[in-house]
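One structure is given below, encoded as structure tokens.
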Amino acid sequence: MALVDETHEWSAARVRQTFLDYFQERGHKFEHQLTSPVPSSSVVPLSDPTLLFTNAGMNQYKSIFLGTVDPSSDFATLKRAANSQKCIRAGGKHNDLDDVGKDSYHHTFFEMLGNWSFGDYFKEEAIGFTWELLTKVYGIDPQRLYVTYFEGSDTLDPDLEAKELWKKNGVPEDHILPGDMKDNFWEMGDQGPCGPCSEVHYDLRAPVDGKYRNAADLVNKDDAEVIEIWNNVFMQYNREPDRSLRSLPNKHIDTGMGYERLVSVLQHKMSNYDTDVFTPLFKRIQEITGAREYKGKFGKDDPDGIDTAYRVVADHARMMSFAIADGGVPNNVGRGYVVRRVLRRGARYARKYFEVEIGNFFGKIIPTLVDQMGDMFPEIKKKQLDIIEILDEEEKAFAKSLDRGEGIFEKYAQKAKAKGSNDLAGDDVWRLYDTYGFPVDLTKLMAEERGLNINDKEVEEAQEKAREASKGDKKAAGVVVKFDVHDLGALDNMSEVPKTDDFAKYGRENITATIKAIYHNKNFLKSTKEVPEGEQFGVLLDKTNFYAEQGGQEFDTGRLLVDGEAEISIENVQVYAGYVLHTGYIKYGELSVGSEVLAEFDELRRNPIRNNHTGTHVLNYALREVLGNEVDQKGSLVAPEKLRFDFSHKAGLSDAELEKVEKISSEYIKQNSEVYAKDVPLATAKQIRGVRAVFGETYPDPVRVVSVGTSVDDLLANPSDAKWEKLSIEFCGGTHVKNTSEIKELVILEESGIAKGIRRIVAVTGQEAYNVQRLGADFAATLDALEKMAFGAQKEAEAKKIGVELNQLSASALTKSALKDRFAKIQKGILDEQKAAAKAENKRVLDAVTQHFSDGKQTFLVQKVAWSSNVNKAISDVLKTVGGPKSALKGKSVYLFAASEDEKKVVHGCFVGEDLKAKGADGPKWAAAVTPIIGGKAGGKPGAPTAIGQGTNAEKVDDGVEEARKWIEGLSL
């Protein structure tokens, strides 16, 4: 039976569920049972910038271990937890990418089964749970298990307690092994909670004739047959800044078991990839590609590389799906670049070994993955279509350069061989990345296949050289090369330089074009060699697929190149009287007038611009539907990151109107309407009912008509049909999507007035729309936590911080408005609580004063009262009451103190009654007696009965109280 068709008693799903059931029955909360979402359980730890990806099960619980957990959150009361945590190790410190596919157990994405105790149970229960689950529940043969414990160090005793507990559970002594600081002492980092750990290892080799070998000598020796499956960490110390260890007040348990490894053990496989964690994906890959079946071979036993390719593609599909579902979208920085690297590595494997066209390859695998894991991780089911769209988009962008890049790699490889070298030049490796999008690790992989090496230092030097050159380019980029009237006159006299044919800008493909002119410093040159190094220049082509900035749409960027020989980086594109001027810098090589070049715009920049431009048309339609036909477009901006639309309207839009505009736009987009465009004689085009044009704009004849949902030919067949008013139809020369499904979503960020009768809407589409929706949801969760916080200084401080963040939040205008309303209610609640607390504090202090004078015998009071956030105002208010005209304490003298050593602060105030005032006393004199002791100074006019002050010597407040008493007693005598 083929591997992919095998069934198992312990299916992967059953293995996971059994683990979770076991610990739930023992009082452990599963993460999905918590009442509020746990952001750090995402594989993209957006709340922890120190991590590229979640790489261990404990990441989400760091705040509990560190003692920084929000007291109002679910985690603050969490005692026991269990889960299966999604993890990625494909970048940064923990990076398994290069090993994936080559061995039986490395993965970029994996699950970590874990159970935790937060100050609840400790070693005895943890070890008991481990042994019972493995041997009694899963039925693993105890004779194939080995455990380790911490052997101690120069400063720490051995963990004999753990050793004895393993023995107590029935583990033979020769299967209990000591381990050093490297293997058996776990630390979160240079500082923080840490402690000894105890691992469980499994011998994959089956007994021979019923006899077991003793594999103790192979534990922790990197033997492929003796693998670690579970680690129990006993967090009992804190690593202090001076590197010393201090016992924690609460001891914790943190465990992690590799899910894929456990499944391989229970299914009696030597490789994680031979289990039904992966075989359903292999089966789907075979269906898509028609490749031979997966046989589970490695290295020399896999001469055609097909099995390795199966493993790489399946692993990478998993990693990318979970990363994208949790917000790790491919881009050029940080975790986004890691996702892009993984996709390009996988796409190249698919193309080379499965011989398939890429562009929608991974997208065909995702439904199988969702069927397999969507119940456990519903986020990939919810985001399935988005994952597929994003992967298709990225694949298509890479497909444009993959063939060419592989061809250039061959040139560079031949060049190295011709020199008698096995090293690819660093400049060439960097160029493969910079021009063709080949990550360095992908080039390394290709080099390995050819028996070539890469010198990392040379690549870094080439990268640094390019970076320095780019800095110079950016400095010069402030002044863009432009044509003036004299240049245009000269061009009109140059018969060999035609007006540029730019029809290809509406397509999505690279084209081959011929350089017709090179322009620098008011001169037309024959070659880029005549341009001083690092200076910007312009290029005219006979035809172009680059979009020149016009009609509110930003220009394209990209490159003009002859593969492997020369490249011009295009940073700006403008059109002058029909001449499209591409401006940029020579990156390497030399090009001349007459050179044939490949014109390649940046698809990953053009794509969101397309989304935003068609989104602008849909928005224009929605505004007219809501506000009426008097709405006229007054301007627009279509950029990669946003769209901006200016229109005539007398008043700002209400939230209800904005909601309606957004709803109509989204419904239109989700109709998956085709977008049609055609050049039409201007007079004919103007007859189309409902067509929208910018008032005062001069349009070419013929004019380009863009219709969303109905073909232009159908419009022209009956131009006066009333139903065209329910369509988005505009005159437009911009680039657009093929189908509105590409836009995904339209979210309005802002609506404002920019002039009398002119309003402006800023909106986003596509992935950026999803991003702002996520930010809004995250902020709502932040307000949830703020609402739950107990009233006090911490809540007040948190509210101030959140208020600043809310003002800066990039979220839907409607969401932001709702969040502001909600935050205003929270602030009012805090204010009410502050008033109530201040009132209670006043009463507390006044009651203490009144009580002191209740027997009628006392003439003065000097007293320290308890500290609170409101005590300063309470002291001031009580002194006013004592000295008030209707006071029952008229004539009495009072001095009150409060101090906070944490804040290094003393507040104090006094009132001198009429009796002592007659003896020459006043508030400032009394206060002056204590300020040298408690620090600071007290305010009050000479002769005034009252003085209020603040000091800094909180630790000396009692001395201050005593001095105030002595002073007043001396005056009373």
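Read the sequence shown against this note's numbering and you will find it ends at 1370, with the numbers running on by one and no gaps.
Every residue gets a Cβ at the ideal spot worked out from N, C-alpha and C, and that includes glycine.
Quick caveat, the model's predicted, so the values are computed rather than measured.
Cβ-based burial, S1062 [other Cβ within 10 Å; buried from 16]: buried
Residue range of the unbroken alpha helix (DSSP H) whose run includes Q1248: A1210 to H1249
Beta-carbon spacing of T1013, S1045 below 7 Å: no
CB of I1140 within 7 Å of CB of I1223, strictly: no
Integer Cβ distance of V1327 from K1261, believed to fall under 8 Å: 12 Å between Cβ atoms; not a contact.
Pick from S924, G1131 and V1015 that is closest to E987, judged by C-alpha positions: S924
Three-state class that DSSP yields for I755 in the structure shown: coil
Given Q707 as reference, the closest of F675, G725 and V726 once Cα atoms are compared: For the record, residue 707 in the displayed sequence is Tyr; it is not Gln. Closest option to Y707, Cα to Cα, is F675.
Proximity of G1337 and P1321 at Cβ, strictly below 7 Å: yes
Alpha carbon of N1239 to alpha carbon of V1275, nearest angstrom: 7 Å
Runs of beta strand (DSSP E) lying entirely within the region 521-606, each at least 3 residues, in chain order: 542-547, 573-576, 582-584 and 589-600
Enclosing beta strand (DSSP E) for T404 [first to last residue]: Note, T404: premise wrong, no beta strand (DSSP E); not H, not E.
Coil, strand or helix - M509 by DSSP: strand
Counted within 10 angstroms of its Cβ, other Cβ atoms place I1272 as buried (16 or more) or exposed: buried
Rounded C-alpha distance that separates W513 from I650: 5 Å
First through last residue of the beta strand (DSSP E) which encompasses S460: Not the beta strand (DSSP E): S460 falls in the alpha helix (DSSP H), residues K459 to L463.
Close beta carbons around N1267, own chain, < 7 Å, minus the five adjacent residues each side: A1234, A1235 and E1238
Meets three-Cβ-pair contact criterion under 8 Å: the region 999-1010 and the region 779-794: yes
Among G802, D1244, E865 and I965, nearest to A1285 - alpha-carbon criterion: D1244
Straight-line Cα distance separating N566 from G558: It is worth fixing the name first, because residue 558 is Glu in this sequence and not Gly. Rounded to the nearest angstrom, the two C-alpha atoms are 13 Å apart.
Residues that S1045 bridges to, as DSSP identifies them: I1155
Beta carbon of F582 nearer than 7 Å to that of F547: yes
Rounded distance between the beta-carbons of T505 and R477, thought under 8 Å: At roughly 30 Å, the Cβ-Cβ gap does not stay under 8 Å, so R477 and T505 are not in contact.
Cutoff 7 Å; reference I1155; Cβ partners in own chain excluding five residues on either side: K1031, D1043 and S1045
Same chain only: Cβ atoms within 8 Å of K858, ignoring 5 sequence neighbours per side: For clarity, residue 858 is Glu in the given sequence; the question names Lys instead. Excluding positions up to five away in sequence, the list reads G823.
Runs of alpha helix (DSSP H) lying entirely within the region 1274-1327, each at least 4 residues, in chain order: 1311-1314
Beta-carbon proximity list for S550, same chain, < 6 Å, skipping 5 on both sides: M578
V1291 versus A1187: straight-line alpha-carbon distance, rounded: 34 Å
CB of I784 within 7 Å of CB of I721, strictly: yes
Separation of V1304 from E1359, as counted between CA atoms: 15 Å
Reduced DSSP category for I1126 - H, G, I as helix; E, B as strand; rest coil: strand
Distance between G724 and E776 (C-alpha atoms, nearest Å): 11 Å
Buried versus exposed, by CB contacts within 10 Å (16 or more), H429: Here the model assigns H429 a pLDDT of 47, short of 50, so the residue's position is not dependable and the matter cannot be decided.
The region 690-699 touching the region 740-749, judged by at least three CB pairs closer than 8 Å: no
Given D1098 as reference, the closest of A1114, A1080, T1107 and L1113 once Cα atoms are compared: A1080
Where Q1170 sits in the DSSP three-state scheme: helix
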